[in-house]
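All residue numbers for the sequence shown refer to the working numbering, where the first residue is 112 and numbers rise by one.
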Amino acid sequence: MSNNISVNLPEDAFIHIDTTQRQSEIITRPGITFWADARRRLFRNRVAMTGLAVIVIITLLAIFVPIFSEYAYDKQDLSNTNAPPSLKHPFGTDSHGRDLWVRVWVGARVSLAVGIFGSIIPGIIGVIIGGISGYFGGKVDMIIMRFIDIVMCVPNMIYIILITIYIGTGPVAMVIAFALTGWMGIARNVRGMILQLKEQEFVLASRALGASPARLIFQHLIPNTLGIVVVSMTMGVPSAIFQEAFLSFIGLGISPPIPSWGQLANLGISVFRIYPYQLLIPAALISVTMLSFNLFGDGLRDALDPKLRM
112 MSNNISVNLP EDAFIHIDTT QRQSEIITRP GITFWADARR RLFRNRVAMT GLAVIVIITL
172 LAIFVPIFSE YAYDKQDLSN TNAPPSLKHP FGTDSHGRDL WVRVWVGARV SLAVGIFGSI
232 IPGIIGVIIG GISGYFGGKV DMIIMRFIDI VMCVPNMIYI ILITIYIGTG PVAMVIAFAL
292 TGWMGIARNV RGMILQLKEQ EFVLASRALG ASPARLIFQH LIPNTLGIVV VSMTMGVPSA
352 IFQEAFLSFI GLGISPPIPS WGQLANLGIS VFRIYPYQLL IPAALISVTM LSFNLFGDGL
412 RDALDPKLRM
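Put into structure tokens, the structure is as follows:
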């Protein structure tokens with residue numbers, strides 16, 4: 112026996128759906144690249160932008176103040192020694208009558224240059240060595256990693272002090288010392304990422320199409336590690352600035368007559384009880400600059416973290 116029931120409904124009992132506008136197919140968020148999204152999230156981070164603004168202001172002052180000032184950083188005026196801060200000398204003068212306002216910003220040039228190049232050059236070396244170690248693996252990886260493990264058992268500062276004693280002092284010598292000792296941490300990080308990336312499908316496809324190891328390393332693998340590399344370089348700048356300031360403070364860094372923040376702090380410590388501003392001003396600038404780079408580096412790390420993408 113059939114249980115089929117037939118019901119006839121009029122056509123106006125149905126509501127027709129407009130198939131040209133399906134809600135499920137409407138794009139609610141425009142397409143955006145990884146770097147554009149990272150830039151958007153970085154600009155929304157007020158703390159990181161504050162750190163970047165301070166860095167830009169200090170850099171601009173370091174560039175333009177010595178150019179437009181009426182005083183030279185090495186000009187002595189023995190009739191106006193140890194003058195307190197005033198409109199004529201905003202940071203006062205030192206024991207030789209030199210204007211500290213100009214000397215501080217010339218020292219900022221030296222300290223920032225040493226910090227930036229002392230972070231970028233070791234970063235480049237570390238990326239290359241870490242990429243080679245991670246891609247080839249085997250004996251190459253073992254030799255490189257064991258060398259890094261042995262060398263990193265001793266603090267970098269000891270190597271830097273020995274290198275500066277051997278090759279001399281000055282900004283170039285400081286950058287060379289940082290380049291020879293500061294690449295190992297980045298190399299280990301890049302090597303770990305390369306070990307994960309080299310088995311991905313896009314690398315296997317490129318290898319199947321005949322791509323050379325150099326092409327795979329520099330055009331496919333290393334570009335995918337730029338996020339952690341950029342963050343590591345940014346976070347390495349304050350470390351390099353502090354190391355330069357410390358070495359200059361103990362007399363192994365930048366030599367007179369070229370000033371640096373560490374050298375100015377070394378000169379200010381001898382008269383701290385009488386003229387405290389000669390020490391507090393360069394010390395404050397070192398602290399503010401390092402804090403700004405750290406805040407900006409933290410924001411950059413958060414912006415480049417794909418896990419935080421929303």
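Glycine included, every Cβ here is placed at the ideal spot set by N, Cα and C.
In the three-state scheme derived from DSSP, where H, G and I count as helix and E and B as strand, residue 409 is classed as helix. The Cβ neighbour count for residue 143, taken over all protein chains shown within 10 Å, is under 16; the residue is labelled exposed.
The C-beta of residue 367 has fewer than 16 other C-beta atoms within 10 Å across all chains shown, which makes the residue exposed. The beta carbons of residue 293 and residue 237 sit closer together than 9 Å.
Here the region 302 to 321 does not lie against the region 376 to 383, with fewer than 3 beta-carbon pairs under 8 Å apart. With the rule of 3 Cβ pairs closer than 8 Å, the region 238 to 248 counts as touching the region 326 to 346. Cβ-Cβ distances below 6 Å link residue 404 to 348, 349 in the same chain, with the five nearest sequence neighbours on each side left out; the list follows chain order. By the Cβ neighbour-count rule, residue 249 is exposed, with fewer than 16 other Cβ atoms within 10 Å of its own.
Annotation for residue 356: 372, 373, 397 place their beta carbon closer than 6 Å to its own, counting only its chain and skipping 5 residues before and after. With a cut-off of 8 Å on Cβ pairs, the region 205 to 214 is not in contact with the region 160 to 175, counting fewer than three such pairs. Per the coordinates, the alpha-carbon of residue 205 lies some 13 Å from the alpha-carbon of residue 391. Residue 164 counts as exposed, since fewer than 16 other C-beta atoms from the protein chains shown sit within 10 angstroms of its C-beta.
Nearest in C-alpha terms to residue 195, of all of 388, 251, 281, is 388. The C-alpha of residue 343 is placed about 16 Å away from the C-alpha of residue 149. Contact between residue 263 and residue 229 fails: their C-beta atoms lie close to 18 Å from each other, not under 8 Å. Straight across, the Cα-Cα distance linking residue 393 with residue 359 is about 12 Å.
Taking 4 residues as the minimum length, the alpha helix (DSSP H) runs contained wholly in the region 257 to 302 are 267 to 278, 282 to 292, in order along the chain. Between the alpha carbons of residue 267 and residue 296 lies a gap of roughly 11 Å. Between the alpha carbons of residue 166 and residue 301 lies a distance of about 27 Å.
At the C-beta level, residue 339 and residue 304 come within 9 Å of one another. The three-state secondary structure of residue 144, taken from DSSP, is coil. Taking C-beta atoms as the reference points, residue 186 and residue 220 fail to come closer than 9 Å. The C-beta separation of residue 233 from residue 179 comes to about 34 Å, leaving the pair out of contact by the 8 Å criterion.
Cβ-Cβ distances below 7 Å link residue 411 to 153, 159, 341, 342, 345 in the same chain, with the five nearest sequence neighbours on each side left out; the list follows chain order. Shown here, residue 252 sits in a helix according to DSSP, grouped into three states. For residue 162, the closest C-alpha among the options 254, 235, 409, 190 is that of 409. If you ignore the 5 residues before and after residue 386, its C-beta comes within less than 7 Å of the C-beta of 193, all in its own chain and listed in chain order.
With respect to the 9 Å criterion, residue 365 and residue 280 are classified as neighbours on the basis of their beta carbons.
Counting the other Cβ atoms within 10 Å of the Cβ of residue 323 gives fewer than 16, which makes it exposed.
Pairing residue 336 with residue 414, the inter-Cα distance amounts to about 14 Å. In the same chain as residue 177, and ignoring 5 residues on each side of it, the C-beta atoms closer than 7 Å to its own belong to 184, 213, 216, 217, in chain order.
By the Cβ-count criterion, residue 269 is exposed, with fewer than 16 other Cβ atoms from all chains shown falling within 10 Å of its own Cβ. Nearest to residue 201 by alpha-carbon distance, out of 151, 181, 256, is 181.
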